[in-house]
Amino acid sequence: MNRQTTELENYTRQNRKTRESMSGLLEVVTSNDTSKNGLALVPLVRILLESIQAKYTGTLKREDRRSFLALTNELIVLTDDLR
């Protein structure tokens with residue numbers, strides 16, 4: 000009976016170690032994929048912001064246009080900094 004208990008404890012301990020190491024590996028892989036995908040989206044975000052600028056700038060009054068352009072230009076600069 001003691002031998003079976005020891006084997007079960009060893010199995011449980013090994014299983015826990017394997018699970019912990021696999022979860023750490025999964026976190027690294029997920030983090031790397033997220034970083035790559037995020038960087039791939041940066042040019043798309045910039046194009047989207049420029050498209051929004053082109054579409055809506057002409058429809059705004061002068062003060063609103065200035066604020067809108069300042070905001071979207073700042074967002075474009077921020078997306079460039081992400082690279």
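Numbering (numbering that gives the first Met the number 0), first residue to last: 0 to 82.
Glycine residues also receive a C-beta, built at the ideal position from the N, C-alpha and C atoms.
Residue i: CB within 7 Å of a non-hydrogen atom of the ligand GDP
i          : result
residue 51 : Although the ligand GDP was asked about, the structure shown includes no ligands whatsoever.
Neighbourhood of residue i by C-beta distance below 8 Å, restricted to the same chain and skipping five residues each side
i          : result
residue 56 : 64, 67, 68
residue 75 : 45, 48, 49
Other residues of its chain near residue i: CB distance less than 7 Å, five sequence neighbours each side excluded
i          : result
residue 71 : 48, 51, 52
Meets three-Cβ-pair contact criterion under 8 Å: the region 60 to 68 and the region 36 to 48: no
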